[in-house]
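Residue numbers (mature numbering (1 follows the signal peptide of the UniProt record, and there is no 0)): -33 to -1, 1 to 297. Glycine is no exception: its CB is placed at the ideal position from the N, C-alpha and C atoms. These numbers come from a predicted model, not from an experiment. Data first, discussion second: the structure below is written as structure tokens.
Here's what the structure looks like:
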């Protein structure tokens, strides 16, 4: 009587039986623990091209049917549509990118990678160059190469009929950029300040130039999120127009954003969660690893894969960079 085991309750026996059935089902290939047919593996749906066509094509300004605006009449008079794919990108697809030996080569390569990503329907694009000339915190904008890239990409987008909105990190950078922008682009682009200017209804592309919040204003992350997730105006009632409005491309140029996180340290910073929505169209770090006899660089130029390039730093060696490996992820 006193030494016997206590009988299990019915609910406990039922839970135990279900657990044993679930464990046994996990060892059966293709079986489901609840007796249903096994679920098909999740396959991500390819991104739809922004131009509205059935496949990848050249990204041009979509006709969103904007109500009002100083340029609404001009957009209505000249509707924009999806054109054929750019043959230059078709020829470059699947071919390894060449390593840029000069700054001009890197800027041109980055511009082509951004346009190729837009043509493939990617509307969240990031460009990261670990170069001294692109460090806005160390090199003034007038002496660096940031505005050279801004003018190059801005000119290419304007040629496609797009209206570009450049957003700078501070009022000083925006005022200096107004003096450095190309003359033929001054009347066709908009220059704003992060947190003060908005991604207007009449703009097609937004380029955030070196957004940063390190050691200064942590609320700039909220400004970037507000710019990204701003909804369409109430006057826009068409479902297709509202979808195109929310899929307007946003390009991040050398972002340096740090999330407020308990695991963030000066050596290992945590990026904001919305950074996972962006696809790296171009990445260049020419000093990824430096040793006594060699130097390694990392390059990613859309649509190519991540590449590791190396060259010898010995005085007797005269060769340049050579490709070591390629991978789909960094």
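Assigned exposure category for residue 92 - 16 Cβ within 10 Å defines buried: buried
Rounded separation between residue 265 and residue 202 - CA only: 46 Å
Residue 256 burial status per 10 Å Cβ neighbour count (16 or more: buried): exposed
Under the three-state DSSP convention, the category residue -4 falls into: Reliability fails at residue -4, whose pLDDT of 45 lies under 50, so the model's placement of it is uncertain and the value that follows must be treated cautiously. In the structure shown, residue -4 sits in coil (DSSP, three-state: anything other than H, G, I, E or B).
Selected residue, minimal CA-CA separation from residue 225, among 136, 188, 173: 188
Of the residues 124, 126, 171, 179, the one placed nearest residue 140, counting alpha carbons only: 179
Residue(s) in a DSSP beta bridge with residue 159: 134
Rounded distance between the beta-carbons of residue 159 and residue 134, thought under 8 Å: 5 Å
Beta-carbon proximity check, residue 74 vs residue 123, cutoff 8 Å: no
Contained alpha helix (DSSP H) runs [length at least 4] in the stretch 163 to 237, N- to C-terminal order: 187 to 195, 206 to 213
CA-to-CA distance, residue 155 to residue 144, given in whole angstroms: 14 Å
Enclosing beta strand (DSSP E) for residue 252 [first to last residue]: 246 to 257
Alpha carbon of residue 161 to alpha carbon of residue 131, nearest angstrom: 15 Å
CA-to-CA distance, residue 242 to residue 199, given in whole angstroms: 22 Å
Reduced DSSP secondary structure (H/G/I, E/B, other) of residue 272: coil
Residue 290, enclosing beta strand (DSSP E) - first and last residue: 289 to 294
Nearest-angstrom Cα separation, counted from residue 129 out to residue 41: Because residue 41 sits at a pLDDT of 37, beneath the cut-off of 50, its placement in the model cannot be relied upon, and the following sentence gives the value as read from the coordinates. Their backbone Cα atoms lie some 13 Å apart in a straight line.
Close Cβ partners of residue 82 (< 7 Å) along its chain, the five nearest in sequence each way excluded: 123
Under 8 Å between C-beta atoms of residue 267 and residue 249: yes
Exposure of residue 121, with buried meaning 16 or more beta-carbon neighbours within 10 Å: buried
Cβ-based burial, residue 174 [other Cβ within 10 Å; buried from 16]: buried
Residue 131 CB to nearest heavy atom of the ligand NAP below 7 Å: With respect to the ligand NAP, the structure shown offers nothing to examine, as it has no ligands at all.
Integer-rounded CB distance, given that residue 287 should sit under 8 Å from residue 68: 7 Å
Backbone secondary structure at residue 148 - three-state DSSP: coil
Distance between residue 167 and residue 98 (C-alpha atoms, nearest Å): 31 Å
Simplified DSSP assignment, three categories, for residue 120: helix
Same chain, Cβ closer than 7 Å to residue 269, neighbours up to 5 away in sequence not counted: 80, 83, 84, 248, 249
Residue 195 and residue 217 closer than 8 Å at C-beta: yes
Where residue 153 falls: helix, strand or coil (DSSP): coil
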